[in-house]
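0 is the number of the first residue of the sequence shown in numbering that gives the first Met the number 0; add one for each residue after it. For each residue, glycine too, the CB sits at the ideal point set by N, CA and C.
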Amino acid sequence: MKYHEMTKNYIFREFECGLSIEDTAELCFKSVRTVKEWDRGKDIPKECRRLMRMHRRLELCANDDWQGFKMRNYKLEIPTGQLVTPQEILSGIALLEIQSDLEIKTSTRLLAIARTVARIMMLQSRSGD
Numbered sequence: 000m001k002y003h004e005m006t007k008n009y010i011f012r013e014f015e016c017g018l019s020i021e022d023t024a025e026l027c028f029k030s031v032r033t034v035k036e037w038d039r040g041k042d043i044p045k046e047c048r049r050l051m052r053m054h055r056r057l058e059l060c061a062n063d064d065w066q067g068f069k070m071r072n073y074k075l076e077i078p079t080g081q082l083v084t085p086q087e088i089l090s091g092i093a094l095l096e097i098q099s100d101l102e103i104k105t106s107t108r109l110l111a112i113a114r115t116v117a118r119i120m121m122l123q124s125r126s127g128d
C-alpha cells in the first residue's frame, strides 16, 4: 500500500495492533474483503476495534476502572505511565494488607489523588487527539 493510500484504519490495524488482513478477519469473524474495505476507509465496527485492541493488549478490559492500563513488555503500564512488575504489584498488596489506621488514611488519600491525576491525564490525551 502506498503512503497516500494509508487510511487511519490501515495504520490502526497494521501498525498499532500489528495484525495482518487475514489475522484481523479471523479475529473479528469477518471476511478478508471486509477487512480490506476497512483499510480503504470504511468504518471498523466498535466491537471489532475493541477486539483488535484487546488482542494486542492495548486495552485490558472494557470496564472503565481499567481505562488507561496497558500491558507493555511483560509489565503493566498504569495510567501515570509507570511500568510495574508482578512483584511490585504483590508487594503493594502486601503493604496495603498491613492496615494500620495511619496507612489506611494515607493510602485512601493517595488513591484518590492518583485516580484524579489519571482522569486528568486521560482528558488531556483525549483533547489532544
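Your pair R39 and T6 checks out as a contact, with CB atoms roughly 7 Å apart and the cut at 8 Å. When DSSP states are grouped into helix, strand and coil, R71 belongs to the strand group. The secondary-structure analysis by DSSP pairs E76 across a beta bridge with K69 and L82. Within its own chain, the residues whose Cβ lies closer than 8 Å to the Cβ of S106, once the five positions on either side in sequence are excluded, are L95, listed in chain order. When C-alpha distances from Q81 are compared across C16, A117, V34 and E36, the shortest belongs to A117. M121 is a Cβ neighbour of Q66, given a cutoff of 8 Å. Scanning E4, E25 and R114 for the CA closest to the CA of D63 turns up R114. Taking C-beta atoms under 8 Å as the contact rule, T23 and M51 qualify, at a distance of about 7 Å.
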